[in-house]
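Residue numbers (the working numbering): 11 to 499. In this text, a Cβ means the ideal position worked out from N, Cα and C, and glycines have one as well. Worksheet for the structure shown next.
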Amino acid sequence: MIRTRMAPSPTGEYHIGHIRTLLFNYAYAKKFEGKFIIRIEDTDRKRYVEGAVPRILDTIKSFGLEWDEGPDIGGPYGPYTQSQRLEIYKKYALELVEKGCAYYCFCSREHLDKVRKESLAKREIPKYNRYCRELSLDEAKKRAENEPFVIRLKVPDNEVLEYEDLVLGKIAINSDNLDDQVLIKTDGFPTYHLAVVVDDHLMRITDIIRGSEWISSTPKHILLYRYFGWQMPKTAHIPVFLDPLSKGKMSKRKGSVSAQSFLDRGYLPEAMLNFLALLGWSPTDGKELFSLENFVKNFDIKSVNKANPIFDINKLNYFNGYYIRALSDKELLAKMLNFNPELKKADREKLAKIVALEKERLKTLGEFESLTKFFFNDRFNISDRDFVELLVPKGIGPKDIISHLRNTSNLLENAELWNLSTLKKLEAKLKDKAGELGWEVINVFSPIRVAVTGSAISPPLFESMEILGKEKTVGRIRNGIKILEKHIF
RNA sequence: GGCCCCGUCGUCUAGCGGUUUAGGAUAUCUGGUUUUCAUCCAGAAGAUCGCGGGUUCAAAUCCCGCCGGGGUCACCA
11 MIRTRMAPSP
21 TGEYHIGHIR
31 TLLFNYAYAK
41 KFEGKFIIRI
51 EDTDRKRYVE
61 GAVPRILDTI
71 KSFGLEWDEG
81 PDIGGPYGPY
91 TQSQRLEIYK
101 KYALELVEKG
111 CAYYCFCSRE
121 HLDKVRKESL
131 AKREIPKYNR
141 YCRELSLDEA
151 KKRAENEPFV
161 IRLKVPDNEV
171 LEYEDLVLGK
181 IAINSDNLDD
191 QVLIKTDGFP
201 TYHLAVVVDD
211 HLMRITDIIR
221 GSEWISSTPK
231 HILLYRYFGW
241 QMPKTAHIPV
251 FLDPLSKGKM
261 SKRKGSVSAQ
271 SFLDRGYLPE
281 AMLNFLALLG
291 WSPTDGKELF
301 SLENFVKNFD
311 IKSVNKANPI
321 FDINKLNYFN
331 GYYIRALSDK
341 ELLAKMLNFN
351 PELKKADREK
361 LAKIVALEKE
371 RLKTLGEFES
381 LTKFFFNDRF
391 NISDRDFVEL
401 LVPKGIGPKD
411 IISHLRNTSN
421 LLENAELWNL
431 STLKKLEAKL
441 KDKAGELGWE
451 VINVFSPIRV
461 AVTGSAISPP
471 LFESMEILGK
481 EKTVGRIRNG
491 IKILEKHIF
């Protein structure tokens, strides 16, 4: 059975690239009716961030992805948190020492730093000089009783280590490029390299899908699997996202790349997943819009692209808009309410209408607020000068606009019923008026639009007025007249 | 710098030696629908397939070199 895993480190915000890697792992396992596992790799105590584990887990869930075994739900090969498995790593590390595949090292950090700096100065590859490698096992064991130590991997000389990557094909690296990697740190915690290998084996992981930044550490893992006498899982290294500006690896320092931040800005999980899937992979039928279910069905790790894609927000925006439009009005309303709890204070009926009106104008949920401010706030964020300029179209005198707005406000005030069908009749009437006045139709409606919404750009005018109500609509038009008069006379 | 990986329109990609005047999506621009915006529809522009050599009757597709980009060289993952 196929078993894949994703192993987050609780060192901070979960990166959007990790969601993509996780998605591929998930899809690969599910496609073959296998299991997808979450494991927490918290072996770095210095970088450990309190509360990060539940936050990461919540984020993953928010994206609509689930796991079959993990730290919160357990499973047959737990615990799924590395800090709870220290004895296991120690046991296996010691086994390697006994076999002569690893050794105790007592070199101080200061000493190592010095050596490192020296080789750096000499423009050499900074590598551990294997000072402790030839210590006898008995002596090393004795010293280990009361001296701090690490356990290092014995890397063979000049040996080509080769593996077949599911995405990249054959990759070969000479062992001379490898350092005698630390396996157990002074604090007794394992390093990543020991912990992944041990856990992946113990948790029966069959396929490892991870970012391509791990390519060069895979040979260390090959060595470990060989020393333990274990079968190595298949590996697939997928390309990493590049930052659109720097063209370098998208990093936390270069802006909002945390997975959660996308949700916070109002990107829909389904749209994100769809977009993310397309970064490095494409469906054979060429249809770019698809559900998670469909992705799982069609995903093929072997057809993942090798080049690093640039994470371009443009296409994401298109996808998100598309997914928003695909929602029913009711669904969108529910999502909006959930996204911005402040909206719960608003009149539900009106809000529903506003949401329906804005649906095809939204790229993200987050835009809703600024787009619909005019519905809730009578004061527009615009200077009188700009307002007046918008109010009076070119080629038409301000006095004509004032009388046009006055007539309109009277017309609206006299409306017996304030509903869409009455308003549509008034709209038709105003349209006819354009002919009488000899005005362009747009010049009839634009001043009204500006007076009512505070902007030359708005959702459909009469639908907006219906939502706004008679009192506010008429009031706003009269206010527009007032400001016009003030600035003209 | 050493090592490893990669290189098709601005961007994401299809392409697996001839069916390719290199296809799609997005972004951009134009036109249509519309009282604005958006949606929708139609269309345009945009890639000498990084460059240079080979192999072949034939190369974006195979080989070599160069260049460019990325990754990695921790008691971080």
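Which residues does DSSP list as the beta-bridge partners of PRO86?
Residue pairing by DSSP leaves PRO86 without any beta bridge partner.
Compare the C-alpha of HIS121 against each of TYR141, TYR102, GLY405 and GLU105 and name the closest.
TYR141
Since ILE363 contacts ILE477 with CB under 8 Å, what's their CB separation in whole angstroms?
A small fix is needed here, since residue 363 is Lys in this sequence, not Ile. Yes, LYS363 and ILE477 are in contact; Cβ-Cβ is about 5 Å, under 8 Å.
In angstroms with no decimal places, state the Cα-to-Cα distance between VAL484 and LEU421.
Counting only the Cα atoms, LEU421 lies some 9 Å from VAL484.
Is it right to say ILE26 is buried, meaning 16 or more other beta carbons lie within 10 angstroms of its own, or is it exposed?
buried
Excluding sequence positions up to five away, which residues of its chain have a Cβ less than 8 Å from the Cβ of ILE411?
LEU401, VAL402, PRO403, PRO457 and LEU494
Thinking C-alpha only, which one of PHE329, ASN327, LYS360 and ASN330 is nearest LEU343?
LYS360
Going by beta carbon distance, what residues of the same chain come within less than 6 Å of ASP322, once the five residues before and after it are set aside?
PRO254
Give me, in chain order, the residues of the same chain whose beta-carbon lies closer than 7 Å to that of LYS195; leave out the 5 immediate sequence neighbours on both sides.
VAL160 and THR201
Per DSSP, CYS115 is paired with what?
VAL160
At 3 residues or longer, and completely inside the stretch 230-300: list those beta strand (DSSP E) runs for me, N to C.
244-248
Please report how far the alpha carbon of ARG13 lies from the alpha carbon of LEU171, in whole angstroms.
25 Å
Taking the straight line between their C-alpha atoms, what separation do you get for ASP68 and LEU273?
12 Å
Measure the C-alpha to C-alpha separation of MET346 and LEU326 and round it to an integer number of angstroms.
19 Å
Can you find the residues in the same chain that come closer than 8 Å, C-beta to C-beta, to ASP278, ignoring five residues on each side of it along the sequence?
Inspection of the sequence shows that residue 278 is occupied by Leu rather than by Asp. The answer, listed in chain order, is ASN330, TYR333, ILE334, LYS345 and LEU375.
Which parts of the stretch 287-369 are runs of the alpha helix (DSSP H), unbroken and 4 residues or longer, counting only runs that do not cross its ends?
302-308, 323-336, 339-349 and 358-368
With GLU379 as the anchor, note down where its alpha helix (DSSP H) starts and where it stops.
378-386
Is GLY485 helix, strand or coil by DSSP?
In the structure shown, GLY485 sits in a helix (DSSP, three-state: H, G or I).
How many Å lie between TRP224 and VAL206 at the Cα?
12 Å
What number of angstroms, rounded off, separates the C-alpha of LYS264 from the C-alpha of ASN156?
Confidence at LYS264 is low in this model, with a pLDDT of 47, below 50, so its placement is unreliable and no value can be given for it.
With 16 other CB atoms within 10 Å as the buried threshold, where does LEU106 fall?
Under this definition LEU106 is a buried residue.
DSSP on MET11, reduced to helix/strand/coil?
coil
Near ASN350, which residues of its chain fall below 8 Å by C-beta distance, leaving aside the five closest residues on each side in sequence?
LEU375, PHE378 and GLU379
Can you give, in chain order, each stretch of the alpha helix (DSSP H) that sits fully within the stretch 413-466 and has at least 4 residues?
430-447 and 451-463
Nearest to ASN187 by CA position, among ASN139, GLY239, ASP339 and ASP175, is which residue?
ASN139
Roughly how many angstroms lie between the CA atoms of ALA444 and HIS497, to the nearest whole one?
Their Cα atoms are separated by approximately 25 Å.
Where do the ends of the alpha helix (DSSP H) carrying GLU105 lie?
That run of the alpha helix (DSSP H) goes 96-109.
Output needed for VAL7: all residues of its chain with C-beta closer than 8 Å, excluding positions within five of it in sequence on either side, in chain order.
Only positions 11 to 499 of the chain appear in the structure, and residue 7 is not among them; the question remains open.
Find the nearest neighbour of ARG143 within the set ARG162, LEU372, PHE309 and LYS151, judged by alpha-carbon distance.
ARG162
Leaving out five residues before and five after ARG488 in sequence, what residues of the same chain have Cβ atoms less than 6 Å from its Cβ?
SER419
Rounding to the nearest angstrom, what Cα-Cα distance links PRO551 and ILE50 in this structure?
Here the chain covers residues 11 to 499 and nothing more, so residue 551 does not appear.
Please state if the CB of ILE219 and the CB of PRO243 are separated by a distance shorter than 7 Å.
For PRO243 and ILE219, no; Cβs fall outside 7 Å.
Counting only the same chain and skipping the five closest in sequence on each side, list residues whose C-beta sits under 6 Å from that of GLY44.
MET11, ILE12 and ARG13
Please identify the residue among ASP295, ALA366, ASP123 and ASN429 whose C-alpha is closest to the C-alpha of ALA336.
ALA366
From the DSSP output, in three-state form, read off ASN139 for me.
coil
Verify whether the separation of the beta carbon atoms of LYS127 and GLN191 is less than 7 Å.
Against a cut-off of 7 Å, the Cβ pair of GLN191 and LYS127 comes out as no contact.
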